[in-house]
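Protein chains in written order, with full-length UniProt numbering: chain F, 1 to 178; chain G, 1 to 178. Every residue, glycine too, gets a C-beta built ideally from N, C-alpha and C. None of the values given here were measured: they were computed from a predicted structure. Right, one structure below, let's go through it.
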Ligand SMILES: [Zn+2]
Ligand SMILES: [Zn+2]
């Protein structure tokens with residue numbers, strides 16, 4: 001049997017020394033601890049306040065607009081991760097300002113750490129493999145009906161709410177959010 | 001062969017559609033994506049400014065003092081996770097104030113989200129199974145030489161730095177930190 005045909009087969013069991021059920025592979029005993037995943041992203045603006053948006057070339061949200069953001073990898077800091085995502089998705093160099101928001105999306109086990117950032121190279125951004133197209137959107141031009149995820153809406157609104165301010169605590173999920 | 005004897009056997013491979021090497025089990029094909037793990041914790045204070053510390057009853061850091069903190073589980077928000085940890089480790093009810101710090105510890109692939117919090121039940125805290133003992137420490141009483149982790153030192157110092165203030169952005173790793 002080739003490697004490609006091998007498949008794990010998970011069952012719920014409480015591993016030794018643990019206090020709750022986990023997915024344990026009945027074939028090899030691997031305990032698949034499922035931890036919440038960290039997404040880092042940015043609301044990055046030009047000097048005249050336009051916001052970098054990326055049209056997604058992949059699922060989920062194919063064809064919809066999003067902020068540069070993605071899963072944090074091993075061996076990097078949250079700041080490095082946020083800058084890497086902007087580079088990969090938009091060829092964008094960012095200067096991170098501060099944490100704008102920490103969102104929890106328990107349904108899909110995500111924590112999203114969103115930064116407020118300055119876009120340093122507005123003239124030379126270019127879509128990466130995960131983006132079809134880029135936009136530098138003024139507030140009036142944001143395609144609200146074509147945003148990929150609720151957290152993108154939250155981040156854009158909350159970013160606007162504290163425009164020009166430095167004295168705000170990071171936002172969490174809005175009261176009317178998931 | 002019993003379940004208990006089954007063991008995964010991992011090799012580095014680039015899974016289909018991915019762009020970097022992952023640990024793939026050669027027995028069952030499971031891709032063990034290793035994501036950074038999220039720790040949530042709190043610097044929780046009494047009305048007179050004493051800080052809740054827990055003496056660890058487990059490794060790592062057995063016998064050393066720490067802030068109530070631990071791994072976020074599936075299906076909870078970062079805020080729920082921070083409150084749960086304080087309840088489990090110290091029987092403590094917390095009111096979370098705001099995000100004090102977001103630390104990255106790439107060496108061990110952790111992101112730690114630390115809250116500033118109020119301890120609501122100072123009179124009825126009690127050590128949980130992961131704590132040997134609890135302390136409500138004034139600044140002068142903090143056992144600096146017996147703190148379990150560098151991030152505990154960072155959080156305590158940074159908490160002190162912004163005492164009484166509401167206008168600060170969340171801290172990151174200190175410049176002299178890991
Ligand atoms: Zn397996
Ligand atoms: Zn396996």
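Please list the terminal residues of the continuous alpha helix (DSSP H) segment that includes residue 69/F. Careful: residue 69/F lies outside any alpha helix (DSSP H), inside the beta strand (DSSP E) at 69 to 71.
So, does the CB of residue 74/F fall closer than 7 Å to a CB anywhere in chain G? yes
Give me, in chain order, the residues of the same chain whose beta-carbon lies closer than 6 Å to that of residue 152/G; leave out the 5 immediate sequence neighbours on both sides. 66, 67
How many Å lie between residue 114/G and residue 81/G at the Cα? 11 Å
Taking residue 167/G as the query, report the chain F residues whose CB atoms sit under 7 Å from its CB, ordered along the chain. 167
Comparing C-alpha positions only, which one of 43/G, 36/G, 41/G sits nearest to residue 40/F? 36/G
Which of helix, strand or coil does DSSP assign to residue 172/G? coil
Under the three-state DSSP convention, the category residue 151/F falls into: helix
Decide if residue 42/F is buried, meaning its Cβ has at least 16 other Cβ atoms within 10 Å, or exposed. buried
Less than 7 Å between CB atoms is the rule here; does residue 118/G satisfy it with respect to chain F? no
Expressed to the nearest angstrom, what Euclidean distance is found between the alpha-carbon atoms of residue 132/G and residue 21/F? 26 Å
Which residues of chain G have a Cβ atom closer than 7 Å to the Cβ of residue 34/F, listed in chain order? 74
For residue 2/F, count neighbouring Cβ atoms within 10 angstroms of its own Cβ and tell me buried if that reaches 16, exposed if not. Interpretation of residue 2/F is limited by its pLDDT of 42, a score under 50 that renders its predicted location unreliable; no figure is taken from the coordinates.
Starting from residue 110/F, follow the beta strand (DSSP E) in both directions and report where the run begins and ends. 110 to 119
For residue 174/F and residue 154/F, I'd like the C-alpha separation in whole angstroms. 7 Å
Please classify residue 135/G: does DSSP put it in a helix, a strand, or coil? strand
Using a beta-carbon distance below 7 Å, is residue 27/F in contact with chain G? yes
How about residue 115/G: is its C-beta nearer than 7 Å to some C-beta of chain F? no
Under the assumption that residue 129/F contacts residue 57/F (Cβ atoms under 8 Å), give the Cβ distance between them as a whole number of angstroms. 7 Å
Quick one: using the 10 Å Cβ neighbour count with 16 as the cut-off for buried, is residue 53/F buried or exposed? buried
Applying a beta-carbon distance threshold of less than 9 Å, which residues of chain F neighbour residue 172/G? 77, 78, 79, 99
To the nearest angstrom, how far is it from the Cα of residue 97/F to the Cα of residue 95/G? 28 Å
Taking residue 83/G as part of the alpha helix (DSSP H), name the residues at either end of that continuous run. 78 to 90
For residue 159/G, tell me which candidate among 14/G, 31/G, 49/G, 26/G has the shortest Cα-Cα distance. 49/G
Suppose the cutoff is 7 Å on Cβ atoms and the five residues either side in sequence are ignored; what does the same chain contact list for residue 171/G look like? 100, 101, 158
Spell out whether any CB of chain F is found under 7 Å from the CB atom of residue 7/G. yes
Among residues of its own chain, excluding the 5 on either side of residue 162/G, which ones have a beta-carbon nearer than 7 Å to its beta-carbon? 168
For chain F, find out if any of its Cβ atoms is closer than 7 Å to the Cβ of residue 149/G; answer yes or no. no
May I ask which residues mark the beginning and end of the beta strand (DSSP E) holding residue 28/F? Per DSSP, residue 28/F belongs to no beta strand (DSSP E) and is neither H nor E.
In or out: residue 166/F buried (at least 16 other Cβ within 10 Å) or exposed? exposed
On the CB-based measure, 16 or more other CB atoms within 10 Å of its CB, does residue 38/G come out buried or exposed? buried
Residues in the same chain with beta-carbon distance under 6 Å from residue 83/G, minus the five sequence neighbours each way, listed in chain order, please. 94
For residue 104/G, the first and last residue of its enclosing beta strand (DSSP E): 94 to 105
Per the DSSP calculation, residue 162/G is bridged to which residue(s)? According to DSSP, residue 162/G bridges with nothing at all.
Local conformation of residue 9/F per DSSP, three classes: coil
Grab the span of the beta strand (DSSP E) containing residue 44/F for me, first residue to last. 37 to 45
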